[in-house]
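Counting from 19, one number per residue, gives the positions in the sequence shown under this note's numbering.
Where a beta carbon is used, it is the ideal one built from N, C-alpha and C, also for glycine.
Structure record follows, encoded as C-alpha cells.
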Amino acid sequence: MNNLTILFVTIWALLLGGCTSIPITPNQSEFCPPTPIHLEWYQVEEGRRGVYLPEQSFKQLQRYIVELKTCIEGASLDSTL
C-alpha cells in the first residue's frame, strides 16, 4: 500500500468511528429548559398595549414548543424509571 492509500483508509476509519460515537437522539438536558422566545411589545394611541411575535420569533415559538414537549416527555420518562 502506498502512503496515500494508508492516509485515506485512516481518515475514513476516524470519520466512521467518530460518527458512530455521536448520539443520534438528543439528550433531555439539551432541551431543558427550552430556549426562550423573543416577543415585541407595542402600544397603540388609545393607551392599549400588546405583544406580537415577529416572523423570526414565530419560528422560535415553534422551536420552543418542540423543545418543551421533548423536555416534558423526557421528565415523564425519568419519573417512570
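Query	Result
C-alpha distance - W59 paired with A93, whole-angstrom precision	33 Å
Rounded separation between Q74 and T28 - CA only	43 Å
Short Cβ contact (7 Å threshold) for Q78 with I55	yes
Spatial distance of R67 from C89 (CA atoms)	32 Å
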